[in-house]
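Chains as they are written, first to last, in this note's numbering: chain A, 12 to 305; chain B, 12 to 305.
Just so it is clear, CB atoms sit at the ideal spot from N, CA and C, and this is done for glycine as well.
2 protein chains.
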Amino acid sequence: MSAITVCDVGPRDGLQNDSTMLEPALRAELVDRLAATGVPRIEVASFVNEARVPQMAGAEDVVGTLHRRPGVVYCGLALNERGYERLLAAGLDEVHFSFAASETFNQRNQGSTVAGSLATAGSVVGRARTNGIRSTVTIGTAFGCPFEGIVDPGHVAELAAQVVAAGPDEILLADTIGVATPRQVAALVTTVARLGSPVGAHLHNTRNTGYANALAAIGAGATLLDASVGGLGGCPFAPRATGNIATEDLVYLLDGEGVETRVDLDALIGVSEWLEQALGHPLEGQLYRAGRFP
Amino acid sequence: MSAITVCDVGPRDGLQNDSTMLEPALRAELVDRLAATGVPRIEVASFVNEARVPQMAGAEDVVGTLHRRPGVVYCGLALNERGYERLLAAGLDEVHFSFAASETFNQRNQGSTVAGSLATAGSVVGRARTNGIRSTVTIGTAFGCPFEGIVDPGHVAELAAQVVAAGPDEILLADTIGVATPRQVAALVTTVARLGSPVGAHLHNTRNTGYANALAAIGAGATLLDASVGGLGGCPFAPRATGNIATEDLVYLLDGEGVETRVDLDALIGVSEWLEQALGHPLEGQLYRAGRFP
Chain A
12 MSAITVCDVG PRDGLQNDST MLEPALRAEL VDRLAATGVP RIEVASFVNE ARVPQMAGAE
72 DVVGTLHRRP GVVYCGLALN ERGYERLLAA GLDEVHFSFA ASETFNQRNQ GSTVAGSLAT
132 AGSVVGRART NGIRSTVTIG TAFGCPFEGI VDPGHVAELA AQVVAAGPDE ILLADTIGVA
192 TPRQVAALVT TVARLGSPVG AHLHNTRNTG YANALAAIGA GATLLDASVG GLGGCPFAPR
252 ATGNIATEDL VYLLDGEGVE TRVDLDALIG VSEWLEQALG HPLEGQLYRA GRFP
Chain B
12 MSAITVCDVG PRDGLQNDST MLEPALRAEL VDRLAATGVP RIEVASFVNE ARVPQMAGAE
72 DVVGTLHRRP GVVYCGLALN ERGYERLLAA GLDEVHFSFA ASETFNQRNQ GSTVAGSLAT
132 AGSVVGRART NGIRSTVTIG TAFGCPFEGI VDPGHVAELA AQVVAAGPDE ILLADTIGVA
192 TPRQVAALVT TVARLGSPVG AHLHNTRNTG YANALAAIGA GATLLDASVG GLGGCPFAPR
252 ATGNIATEDL VYLLDGEGVE TRVDLDALIG VSEWLEQALG HPLEGQLYRA GRFP
């Protein structure tokens, strides 16, 4: 039996893409509820421009309202030096830096060239090490880009080598628009794992390949998987389809496969039931609607 | 590159569980549209009591209205001798007989003991051979039952041995309520494949394990997969969740994995788009909503 770290990105990546905006106090309550289920890592906030991402306004309020539990790693997203400084001042345990492998996507979403983002990644990772907090770097559009199509795995591997050289605690490969299939995921995770860093995967279920991809990632050596409670969060490039894989559906799958997550599945289903009420609409996850088995 | 036969069960298993009833002429049009995409096998009708399953009323009208394409195997469901006789008279190519591995489920849904259903399976398969048409037998609730919980794989293997002894063209294992995970599917398909008959899997995505299970089934030697265009059809035991895996999502996955299906994916997505209009509500499939890639 292997073990996997699940990071719930619902309070950040999920809520950022939901049609309903939640106040900081409710976002903090979501994080507290997730922490109580045994989820070991949670992305709680995004330290970005509030004018551009109003869903994430009040990041400091979210962090300040949390009831921190020992053993849970509380993380935030920062995409530049200023965001990192806010995250550090707020007192989080881990910074997530993210950029896209495809030039067009990165320039549109990050306002930076890929080379510029790589430099910022190196700086943020270095500062995190100096400041004694953890860091991860996610390479987005690692399998496909809505503007450039298929992304060359060799290109992603080169970027990954530069990321790993900066020394983050983990490197993640993101299927940002949910186009990968398992053998692509397995191949790229295998390549990146050879660089010597722990590897994670951030998978979307936009074309119903997300859960098979999760198993493929684990089979290839990934030790960290992002997921979002209830499958919270959509896909801006496919507004009628879904985004993140659902944390509880992933845990159900991993339980069945004998992969340890230390998450209380019934409690996690309870969070999705609560969240459906809080948001006022059904979530994409299937398990909380179907009920667990047996 | 391996090859898999996909059987679209949308016109039967799908429509039978949809909230919208379609007239026989529209059901025949759905079948014709599916046949035009290259789907090699289609379950077009159910020869059951129309009072009990009004969605399937007019099975003979559906079959009589079809524009049959050479090379496509047109199938129907029959659960007893009378149903088989209607199916044979209607002129279909293949009879699907189905029963549940769990006694409670089978008695409630089939009105027969498992032993009684096994006997009928043997009779229907024998008559099909005599009449020169193909036959398959599906063992339902092969992984879990809503009334009895986990179903013992050893019990299913014993039933499978009796089914295979009757000599159908294929035996299928059905995850009727969508609870299996890949290693269970792989183990049972492996066991049943050793009996010497071609093996198929009928998988539901009720807990988001369906597509990973499909790959596991293929990896274990399955050569036939049921799926439903658009993921048509729900789960009577989980009314808020989904049922069949979607044919186009499965084909996208298999295309990516190098498994040949000979289905035109763009054409199949077009059928789901048409079907959404015909039914007046969105379908569960993700791919037709997200769009294919690249």
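Cα atoms of A176 of chain B and A111 of chain A: separation of roughly 56 angstroms, rounded to the nearest angstrom. Any Cβ of chain B closer than 7 angstroms to the Cβ of D163 of chain A would place that residue at the interface, and such an atom is absent. Residues of chain A whose Cβ lies closer than 8 angstroms to the Cβ of E268 of chain B are, in chain order, T192, P193, R194. Those residues of the region 58-75 of chain A placed with their C-beta closer than 7 angstroms to a C-beta in chain B do not exist. Contact note: Y95 of chain B does not reach chain A at a C-beta cutoff of 9 angstroms; the least C-beta distance is about 33 angstroms. Contact annotation for R300 of chain B against chain A: A249, R251, A252 [CB-CB distance below 8 angstroms, chain order]. Collapsing the DSSP output to three states places G25 of chain B in a helix.
For a cut-off of 8 angstroms, the C-beta gap from N219 of chain A to A257 of chain B is around 7 angstroms, short enough to register as a contact. Looking at the backbone, the Cα of G21 of chain B and that of E105 of chain A are separated by about 47 angstroms. In this model, D275 of chain A and E96 of chain B are separated by some 52 angstroms (Cα to Cα). Considering only B:G69, B:N224, B:G232, the residue with the shortest C-alpha distance to D186 of chain B is B:N224. The C-alpha of G122 of chain A is placed about 24 angstroms away from the C-alpha of E181 of chain A. Neighbours of D260 of chain A in chain B, taken as residues at a C-beta separation under 9 angstroms, are given in chain order as R218, N219, T220.
At a cut-off of 7 angstroms between beta carbons, Y85 of chain A makes no contact with chain B. One finds F304, P305 in chain A with Cβ atoms closer than 9 angstroms to the Cβ of G160 of chain B, taken in chain order.
Residue burial annotation: R44 of chain B is buried, with at least 16 other C-beta atoms found within 10 angstroms of its C-beta.
Taking 7 angstroms as the CB threshold, Q173 of chain B stays off the interface with chain A. Within the same chain, M12, S13, A14, I15, I229 come within 8 angstroms of V270 of chain B by CB-CB distance, once the 5 residues on both sides are set aside. Rounded to whole angstroms, S113 of chain A and F158 of chain A show a C-alpha spacing of 8 angstroms. If you draw a 10 Å sphere on the C-beta of D277 of chain B, you find fewer than 16 other C-beta atoms in it, and that means exposed.
Shown here, T16 of chain A sits in a strand according to DSSP, grouped into three states. Taken atom to atom, the span from the alpha-carbon of L236 of chain B to that of E54 of chain A is near 38 angstroms. Inclusion of S208 of chain A and G151 of chain A in the CB contact set at 7 angstroms is not warranted, their separation being larger than that value.
Within chain B, Q297, A301, F304 have C-beta atoms less than 9 angstroms from the C-beta of G189 of chain A, given in sequence order. The Cβ neighbour count for E268 of chain B, taken over all protein chains shown within 10 Å, is at least 16; the residue is labelled buried. Residue contact check for L264 of chain B against chain A: a CB pair falls below 7 angstroms. Cβ contact annotation for A252 of chain A (same chain, cutoff 8 angstroms, sequence separation greater than five): G189, T217, R218, G245, C246, in chain order. Contact annotation for L226 of chain B against chain A: P193, A223 [CB-CB distance below 7 angstroms, chain order].
Within 10 angstroms of the beta-carbon of T124 of chain A lie fewer than 16 other beta-carbons, which makes it exposed.
At a beta-carbon threshold of 8 angstroms, the residues of chain B lying near G155 of chain A are F304, P305, ordered along the chain.
The beta carbon of A172 of chain A lies closer than 8 angstroms to those of L206 in the same chain, with the five residues before and after it left out.
Annotation: G244 of chain A is outside any alpha helix (DSSP H) and is labelled neither H nor E by DSSP. Here A39 of chain A is not near V17 of chain A, since their CB atoms are 7 angstroms or more apart. Neighbourhood of A257 of chain A in chain B, by CB distance below 9 angstroms: N219, in chain order. Close CB contacts of P35 of chain A within its chain, under the 7 angstroms cut and outside five residues either way in sequence, are with G69, D72, V73, T76 (chain order). In summary, P193 of chain A is buried, with 16 or more beta-carbon neighbours lying within 10 Å of its beta-carbon over all protein chains present.
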